[in-house]
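Numbering (this note's numbering), first residue to last: 11 to 269. Just so it is clear, CB atoms sit at the ideal spot from N, CA and C, and this is done for glycine as well. Just so we're clear, the structure is a prediction, and the values are computed from it rather than from any experiment.
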Ligand SMILES: NC(=O)c1ccc[n+]([C@@H]2O[C@H](COP(=O)([O-])OP(=O)(O)OC[C@H]3O[C@@H](n4cnc5c(N)ncnc54)[C@H](OP(=O)(O)O)[C@@H]3O)[C@@H](O)[C@H]2O)c1
């Protein structure tokens, strides 16, 4: 199926690795111009070069720390310079650290709320007027199954991702008549750098990383972790004009985990 994405412009936050790179790859292969945003300039450059070679698409990069609100605001002009005003915004980035609800640290909550919520909101606010005027826009957030089923030991993820997802559902209704859709993807378990780091953090008390991994896999009905390519394919469909009637949703991409 032709996804009709040729000449569309996509900003992929957290696009240099893992799920973000999976999405950027699928969009570039479908013919979209892509701008990858992340912190590490070297990793960004390497990812962009691989993408250009694989797809022949135009790929720009931008080194920005999403935890710095001024830097996100200042990036708006640079994004437009790289790819024009985006038609597609992928709200993604690093996840919050592990933590439990009974150990409350207000400064940590404030910092993580700013990092998890404000960048996607700020960039949406910047690019939404042009999307509405064109009568085409796609805002897709990379979230987690924790929105529906809280994950023990990840209280920041459980709470803040639910907040962002419900912001998105509210926005979806407000712009549904303007050709702009807003959806949240909920990954289950994917084999990425972040997932490996979380697995390593949980490997203790006689359990090896492989033991933790095996236990995780046992909980997934599909019997395996997902791949960034599989995740990217779902996002590219949602980003395409083909998915015009899908908005305000929370979509699990989880091998059946939520059931
Ligand atoms: N993988 C899974 O199984 C899974 C499951 C549920 C939810 N998720 C969530 O999905 C999102 C992506 O996860 P992933 O597994 O793809 O992680 P990943 O492989 O670690 O990729 C994270 C991407 O975000 C960028 N990034 C991280 N912190 C950033 C910051 N402060 N500013 C700008 N860019 C930043 C990273 O590049 P730099 O480090 O260079 O900035 C990288 O490009 C995360 O929020 C994660 O919690 C993942």
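Proximity winner among the options, relative to residue i (alpha-carbon distances)
i	options	result
residue 128	198, 80, 258, 39	80
residue 75	157, 50, 177	50
residue 97	19, 198, 15, 210	19
residue 132	254, 33, 194, 177	177
residue 225	240, 247, 246, 199	199
residue 254	267, 186, 60, 213	186
residue 59	118, 34, 214, 119	34
residue 202	117, 38, 25, 12	25
residue 77	53, 39, 64, 118	118
residue 247	150, 234, 143	150
residue 21	125, 138, 168	138
residue 30	213, 57, 168, 183	57
residue 38	17, 65, 55, 54	65
residue 142	260, 184, 123	184
residue 260	197, 85, 213, 214	197
Contact check, residue i vs residue j, beta carbons under 8 Å
i	j	result
residue 192	residue 258	yes
residue 238	residue 28	yes
residue 249	residue 179	no
residue 170	residue 106	yes
residue 288	residue 223	This structure gives no information on residue 288, because the portion of the chain shown stretches from 11 to 269.
residue 23	residue 101	yes
residue 195	residue 244	yes
residue 230	residue 269	no
residue 99	residue 134	yes
residue 61	residue 40	no
residue 241	residue 32	yes
residue 11	residue 234	no
residue 172	residue 157	yes
residue 181	residue 153	no
residue 130	residue 262	no
residue 73	residue 54	yes
Delimiting residues of the alpha helix (DSSP H) encompassing residue i
i	result
residue 139	116–144
residue 238	238–249
residue 61	51–65
residue 169	165–185
residue 225	219–228
residue 37	28–39
residue 90	79–93
First through last residue of the beta strand (DSSP E) which encompasses residue i
i	result
residue 197	190–197
residue 262	260–263
residue 252	Segment: none, residue 252 is in no beta strand (DSSP E) and carries neither H nor E.
residue 148	147–152
residue 209	Looking at the DSSP string, residue 209 is not in any beta strand (DSSP E); the run it does join, the alpha helix (DSSP H), is 203–212.
residue 71	69–73
residue 99	98–101
residue 20	19–23
residue 47	43–48
Proximity test, Cβ basis, 8 Å: residue i and chain D
i	result
residue 261	Given the protein chain composition of this structure (a single chain), no chain D is represented.
Closer than 7 Å: residue i CB and nearest ligand 2 heavy atom
i	result
residue 16	Within the structure as shown, ligand 2 is missing, the only ligands being ligand 1.
- Task: Flag this pair as touching only if the segment 45–54 and the segment 84–92 have three or more C-beta atom pairs under 8 Å; answer yes or no.
- Result: Contact between the segment 45–54 and the segment 84–92 is present, because at least three Cβ pairs lie under 8 Å.
- Query: If you pair each beta-carbon of the segment 154–162 with each one of the segment 201–217, do three or more pairs fall below 8 Å?
  - Reply: no
- Query: Is the number of C-beta pairs between the segment 213–222 and the segment 61–72 that are closer than 8 Å three or more?
  - Reply: The answer is no - the segment 61–72 does not touch the segment 213–222, with fewer than three Cβ pairs under 8 Å.
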